[in-house]
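S.K.:
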Ligand code: CTP
Ligand code: MG
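Set out below in structure tokens:
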């Protein structure tokens with residue numbers, strides 16, 4: 385098998401984290417965030433290759449981190465996440481039927497979640513893992529509350545997200561032409577009219593964005609080690 389390619393997006397600077405080192409290269413529980421994301425991807429039996437987008441200037445370091453883990457390619461990321469996906473897609477072999485997009489910043493995604501999104505793909509153009517919204521969500525304009533969203537229809541999208549490669553390439557190119565930037569890859573396919581399936585995500589698979597998130601991830605790893 386091993387016919388799926390995983391794009392691990394790791395080229396961001398981590399501005400909201402506010403450290404000098406790019407976020408994906410920082411250690412988490414003694415291992416770089418990037419190493420954790422790539423290991424989880426390669427642990428899934430359907431995954432044959434991982435393409436990493438490295439922060440410009442940190443390509444060698446990214447390569448050194450992922451080299452011992454298995455089949456990989458490192459490309460230089462772009463100025464935006466969308467541009468980084470484009471750079472990675474150019475390095476995905478043309479014949480690869482399935483591409484999974486994963487944010488390195490979700491370093492705690494389990495290998496199981498990669499298998500789950502791939503298992504759920506047949507019959508669909510894409511699969512997104514997501515978790516429910518625990519809070520009541522208000523729509524506001526300035527300080528005026530203008531409505532309350534039906535919570536049961538809302539979910540919080542995670543990565544890894546699995547796609548039929550041709551659909552991802554098409555949606556990505558069309559979004560680029562239309563000058564549209566989406567915050568995840570599924571959104572580009574939704575906009576392009578493709579059918580995306582949602583499956584249960586993992587509560588522990590939060591995105592490391594702030595210093596508090598990094599601390600929370602460190603704690604989660606300690607709990608797992610003792611649990
Ligand atoms: N990413 C990327 N290329 C970019 C921007 C982001 O590959 N030009 C990646 C990041 O490395 C991250 C994922 O996309 O794994 C999600 O982005 P985010 O969490 O926003 O990370 P950063 O952009 O690094 O953080 P910030 O927005 O705080 O700078
Ligand atoms: Mg960002």
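Numbering (the numbering used here), first residue to last: 385 to 611.
From the three backbone atoms N, C-alpha and C, an ideal C-beta is built for every residue, glycine too.
Taking the beta strand (DSSP E) that residue 523 belongs to, which residues open and close that run?
M.R.: In the DSSP assignment, residue 523 falls within the beta strand (DSSP E) that extends over 522-525.
S.K.: Excluding sequence positions up to five away, which residues of its chain have a Cβ less than 7 Å from the Cβ of residue 565?
M.R.: 464, 466
S.K.: Identify every residue that forms a DSSP beta bridge with residue 466.
M.R.: Residue 466 is not bridged to any residue.
S.K.: In this structure, how does DSSP classify residue 583 when only helix, strand and coil are distinguished?
M.R.: strand
S.K.: How would you call residue 455, buried or exposed, if buried means at least 16 neighbouring beta carbons within 10 angstroms?
M.R.: Exposed: under 16 other Cβ atoms inside 10 Å.
S.K.: Under 7 Å, CB to any heavy atom of the ligand ADP. Which residues pass, going along the chain?
M.R.: Ligands in the displayed structure: the ligand CTP and the ligand MG; the ligand ADP is not one of them.
S.K.: Can you name the residues that DSSP bridges to residue 388?
M.R.: 431, 482
S.K.: I'd like to know whether the C-beta atoms of residue 488 and residue 475 end up nearer to each other than 8 Å.
M.R.: In this structure, residue 475 does not lie closer than 8 Å to residue 488 by Cβ.
S.K.: Which residues bound the beta strand (DSSP E) around residue 540?
M.R.: Segment 539-541, the beta strand (DSSP E) holding residue 540.
S.K.: Taking C-beta to C-beta, are residue 486 and residue 544 nearer than 8 Å?
M.R.: Yes, they are a contact pair.
S.K.: In its own chain, which residues sit with a C-beta less than 6 Å from the C-beta of residue 579, not counting the 5 before and 5 after it?
M.R.: Beyond the five residues adjoining it in sequence on each side, residue 579 comes within less than 6 Å, by CB distance, of 508, 509 in the same chain, given in chain order.
S.K.: Can residue 395 and residue 462 be called in contact, C-beta distance under 8 Å?
M.R.: yes
S.K.: Could you check which residue in 408, 449, 542 has the C-alpha nearest to that of residue 567?
M.R.: 542
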